[in-house]
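Numbering (our numbering), first residue to last: 775 to 1244. Glycine residues also receive a C-beta, built at the ideal position from the N, C-alpha and C atoms.
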Ligand code: UTP
């Protein structure tokens, strides 16, 4: 053990990170063993490279002027012809679903810092009447879909070291929300250390280096390492619907989106929506230096942000909502060799143990976290579909504790969506400034979309505050 520690210490010294051993003598044997395991797992060369590129010598990372071009987008159907195309795509998508060729990937390994909720974000109670959690809402959509298409829809749920045990326990305590346990596959992404302004590691505890989940771009490697990819292959899964835990309006496995993706033999496809205004902080799908990508808000110049097309719409208007179809073979090929997904840096507040052993909660950003983003895989596609959807029907994420993109706006978005379904059947629903007044909830197990709702709606239905259909 001592020999081993000496070697480990030398390694850390070589990379200028020996300070993490500062409290070693104060740790008991078990803590030392645990710490040693963590230290062994840290890729020091990677940390050094990231610190050098993003923190110590950032001019290397400074962006060259980029050549940015829009991507072709399938519009929301308006004409008869567009409707017919969408219907053909739906048919293809439904055939895939019925044939059991589709799986679902949910990424839920994030830290949910902005929400400030103590548990895993997926446990957050979100639906307007019953207060169902995000996990339950998604689970019910998947259950309803598998019943509708009389198929199993395997669900691959990514967590991270910060919430893995909690996520599994939550599903177990809730009897997997009615889903078959055999169709659930929990897997973990990797963690990566953060560094301070001098490129040094932080101690989260006296015997633990501070690490954070390596971004949703870590999904691809994690799918391979966990055996999920192999599981998919065994089940005959060909396409994966990828989504994030916090968007309450996600249309899981939307058959039209899937159909277009399959028809075009696309490797990875994206859903987008029209930006609210030129300055909305939403990445846009487009080509950067010839490669398909999500171009971050901060990478567009003011002129590019404000540029318009002849019909008066924003030129760079394909706002990404982090919903993708991904072909399984594409993931397999990407992860077979040395997949290079770029890292991105975020300057954040990182609590740490200082030299004197005190826990410090900084008031200002003091460190650098590194993350990979799933959309960086788009650059490796040769075929890709970009499809526009309506914000009111498909995008309302729970990001913040209050205000924009919060649980409150997500609940309202659900009420508004269900309100539209009711209106379609002629049931009057009161609105103020476009928002439904009163709470209303329709379980995915009752109806998954407007068409299903209209077919099932009880004839004598009236709307009242707290109406729930389940
Ligand atoms: P966000 O980037 O919005 O992060 O993740 P977050 O953790 O939800 O919240 P903040 O930024 O700390 O406030 C979008 C989705 O990607 C997942 C999240 O769980 C969420 O579903 N994610 C993010 C991961 O699975 N792993 C990560 O490392 C980061």
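Using the beta-carbon count (16 or more within 10 Å), is residue i buried or exposed?
i	result
residue 1256	Examination of residue 1256 is not possible in this model, given that the chain is present from 775 through 1244 alone.
residue 1049	buried
residue 1074	buried
residue 833	exposed
residue 819	exposed
residue 1126	buried
residue 1192	buried
residue 993	buried
residue 815	exposed
residue 1190	buried
residue 1053	exposed
residue 791	buried
residue 937	buried
residue 1213	buried
residue 985	buried
Between the options, which has its C-alpha nearest residue i's C-alpha?
i	options	result
residue 1173	957, 889, 1221	889
residue 941	817, 962, 956	962
residue 898	1053, 1084, 1022, 1146	1022
residue 1102	902, 1008, 840, 1211	1008
residue 950	967, 934, 975, 912	912
residue 758	995, 1117, 1169	Here the chain covers residues 775 to 1244 and nothing more, so residue 758 does not appear.
residue 1025	1169, 1100, 904	1169
residue 876	1028, 1054, 1133, 1108	1028
residue 1225	1203, 1196, 1209	1196
residue 1098	1115, 972, 1068	1068
residue 1165	1184, 925, 1148	1184
residue 1056	1085, 1128, 965, 1171	1171
residue 934	886, 1061, 872	886
residue 973	900, 1105, 1187, 825	825
residue 845	1167, 1177, 1162	1162
Alpha carbon to alpha carbon, how far is residue i from residue j?
i	j	result
residue 1217	residue 896	17 Å
residue 914	residue 953	8 Å
residue 927	residue 1003	15 Å
residue 1229	residue 1198	11 Å
residue 1070	residue 856	30 Å
residue 1083	residue 1089	5 Å
residue 883	residue 1063	31 Å
residue 929	residue 848	27 Å
residue 1145	residue 1119	7 Å
residue 1139	residue 988	19 Å
residue 858	residue 893	45 Å
residue 1202	residue 812	59 Å
residue 794	residue 981	8 Å
residue 932	residue 923	25 Å
residue 798	residue 1115	34 Å
residue 1042	residue 787	42 Å
residue 1152	residue 1124	31 Å
residue 801	residue 1221	56 Å
residue 902	residue 1060	36 Å
residue 1223	residue 1231	12 Å
Round the Cβ separation of residue i and residue j to the nearest angstrom and send it over; I've been treating them as touching at under 8 Å.
i	j	result
residue 969	residue 821	7 Å
residue 870	residue 1036	6 Å
residue 944	residue 909	6 Å
residue 1096	residue 1018	5 Å
Listed by chain order, which residues have C-beta atoms less than 5 Å from any heavy atom of the ligand UTP?
Environment of the ligand UTP, chain-ordered: 881, 882, 883, 884, 885, 886, 887, 888, 987, 989, 990, 1018, 1019, taking every residue with Cβ within less than 5 Å of a heavy atom.
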